[in-house]
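Counting from 1 along the sequence shown, just add 1138 to a position and that's the residue number in the numbering used here.
Virtual Cβ for every residue (Gly too), placed ideally from N, Cα, C.
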Amino acid sequence: MAWSRERRILLPLVGLVVLSVAVLTTVMFRSSFHLEALRERAIVEATLSLAKEKSDRLDKRVIEQDNAVMSLTEGDPLESFGSRWLDVASVQSPTVRAILVVDLNGPAHEVLALASRSPGPGDDEIRRLLMNELWDELDLTPSDQLKHLHTSRLEKSYLISYWQRMRSGRRVLVIAWHDVPSIVHDLFPRLYEEVPEESSRVNVVDSKGRIVFGQPISKGALTLGRRFETTLYKWQVNVSMARAEDLARAVERRRIWEMGLVLLSSLVVVLGLGVIVVAVSRERKLALAQSDFVANVSHELKTPLALVRMFSELLLLGRAAPEKQRQYLEIIVSESERLSALIDNVLDFARVERGTAAFEFREANLVETVGRAVEVQRGRAERQGVTITTEIEEGLGDSPLAVIDERAIEIAVINLIDNALKYAPGTEEIVVALRGEKNRFVISVIDQGPGIPKAERRRIFERFVRGKAPSTQVRGSGIGLSLVQQIAEAHGGAAWVEDGRGPAEKKGASFSLSVARRGA
């Protein structure tokens, strides 16, 4: 009844979870398309951010050089203002070609001083170009702020950095004349070719769209550009996104991957639920088996105890004849041995299940060990009218040495014989056989009972599992064969059951366990 109630609760809950997964999958599919639009927008924004970063990188590098020049020329006399700068110019301001100081007080705007990294006729050309053509483009409003002029003449581009200062009581203009070809050929490669895969995506163009630096960006590529904000403000840096076709393919691949991931996740959830249902079912079966085990063990304990008590009370009355007294004592001894064997079985099984069983392996004679187990059960078998016969393979009598735990092997054989005596009705002879194979020894206990159906053989060695045949309705603990299997595995072997030696109508069963040979 309890399991039926649990099933009525569990099944609707599983259905709700499956429905929730289906709803979640649908929502994820719909969200996937919306997320792609957001992702494309994010790609555009990321590309714009990259273009801004690349334009700002150049501005920052040029301004760093201007500040270096500014700090090196402050406070020095006009006659020697450039000497300190020239000593470190190639390192601190590599793109600055010349520095000029111009008087702003007089109308002639006299050049008071000039320092050049390459003195020569070019210096006069700079002076004339500045005074005759570029002067009117300078912003000369009083200010100590650093300013820049980017202009072109006769297809040549010029970049000038300038700032005003007070020197010897008069206002002067300090000008740093940048070598634009040096910026293009030396500075741009260092700034924009640091990442090889990016170099094919970046170029710099002038105001007419002509490429100043870099390679043409391939046709069909989505390109975003940004002007240099402070220095070369008439030029712009272009950054290409992936080509439209590549972007579409990437989006489609990502969508398929995400959908696959959602489907896989849903499948995992459903499989997980299936596993949970199976686990709950198995746990329930195990709980029922444990309940049967407790009932069976209780019965197994109760029966010999009741017999011991009953015949002990008869002996206490003192009315039984000597022959009867001996018979009662034999029954008491037999039931006590049965009770002791059951308790030992339960304790051994509990130790193995907890993993606390301490096997004591040592070299021993397997024939002698099997023989002791047979002798333990021989008296009980004779009382049931059953003969126990041992069959030792020829050649094993003197030297079947194996590294074993003798007590554990005895327990395993005793359990197999007990199983035959209890569940194989009509058996007149039980054969205990020992044979050697290439890498192992095999111990078999063969009865003449109804046998074990093939459908039950795989599970017959599981704990608390008992056969469904009528003969198995005899009460038992359900742990004997499981203990046999665990002992066999601890010895590097296995346990199994197969048909016995009898005819089809009474073929019997052959229960076997194997033990690894020494050194195998």
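Counting along the chain, threonine 1527 sits inside no alpha helix (DSSP H); it lies in the beta strand (DSSP E) bounded by residues 1525 to 1530. By the CB criterion at 8 Å, isoleucine 1568 and isoleucine 1584 fall inside the cutoff. Rounded to whole angstroms, proline 1232 and isoleucine 1201 show a C-alpha spacing of 12 Å.
Per DSSP, reduced to three states, the secondary structure at glycine 1509 is helical. A straight-line Cα-Cα distance of about 22 Å links threonine 1507 and leucine 1477. Linking valine 1340 to asparagine 1270 through their CA atoms gives a straight-line distance of about 36 Å. Counting of Cβ neighbours within 10 angstroms places asparagine 1243 among the exposed residues, the total staying below 16. For a cut-off of 8 Å, the C-beta gap from tryptophan 1301 to leucine 1284 is around 5 Å, short enough to register as a contact. By the Cβ test, the stretch 1222 to 1229 is in contact with the stretch 1245 to 1257, since at least three Cβ pairs between them sit closer than 8 Å. With contacts defined as CB atoms closer than 8 Å, asparagine 1577 and arginine 1516 fail to qualify as a contacting pair. Given a length threshold of 4 residues, each whole run of the alpha helix (DSSP H) inside the stretch 1200 to 1234 is given here in chain order: 1221 to 1230. Glu1212 is the residue among Lys1560, Glu1575, Gly1638, Glu1212 whose C-alpha sits nearest the C-alpha of valine 1312. Annotated three-state conformation of aspartate 1637 is strand, per DSSP. Just measuring C-alpha positions, the residue of Ser1158, His1286, Ser1218 sitting nearest asparagine 1205 is His1286. If you draw a straight line from the Cα of leucine 1409 to the Cα of valine 1400, it comes to about 14 Å. Excluding five sequence positions before and after histidine 1288, the CB atoms of its chain that fall closer than 7 Å to its own CB belong to Leu1297, Thr1369, Leu1370, Tyr1371, Lys1372, given in chain order. Under the DSSP assignment, leucine 1284 falls outside any alpha helix (DSSP H); it carries neither an H nor an E label. Exposure of serine 1281 is indicated by the presence of fewer than 16 other C-beta atoms within 10 angstroms of its C-beta.
Valine 1512 sits away from valine 1580, with the two beta carbons spaced by 8 Å or more. In this structure threonine 1185 is buried. Its beta-carbon is surrounded by 16 or more other beta-carbon atoms within 10 angstroms.
Taken through DSSP and simplified to helix, strand or coil, tryptophan 1373 comes out as coil. Straight-line spacing of the CA atoms in valine 1416 and isoleucine 1590 works out to 26 Å. In the three-state DSSP reduction, glycine 1589 falls in the coil class, being neither helix nor strand. Valine 1551: member of the alpha helix (DSSP H) spanning 1544 to 1561, first to last residue. For the 8 Å CB-CB criterion, isoleucine 1481 and serine 1450 do not form a contact. Residue burial annotation: histidine 1323 is exposed, with fewer than 16 other C-beta atoms found within 10 angstroms of its C-beta.
Within the model, the alpha-carbon separation for valine 1350 versus arginine 1291 is close to 16 Å. With 16 or more neighbouring CB atoms inside 10 Å of its own CB, aspartate 1556 falls in the buried class. C-alpha of lysine 1592 to C-alpha of valine 1524: approximately 26 Å in a straight line. Linking methionine 1448 to arginine 1521 through their CA atoms gives a straight-line distance of about 20 Å. Looking at the backbone, the Cα of valine 1343 and that of methionine 1397 are separated by about 42 Å. Contact annotation, tyrosine 1466 with leucine 1454: C-beta distance approximately 11 Å; criterion of less than 8 Å not satisfied. Histidine 1247 sits in coil when the DSSP states are folded into three classes, being neither helix nor strand.
Nearest neighbour of glycine 1587 by Cα position, chosen from Pro1563, Ser1209, Gly1307, turns out to be Pro1563.
DSSP places glutamine 1623 inside the alpha helix (DSSP H), whose first and last residues are 1618 to 1628. Rounded to whole angstroms, the Cβ separation of leucine 1250 and valine 1240 is 7 Å, and the two are in contact under 8 Å.
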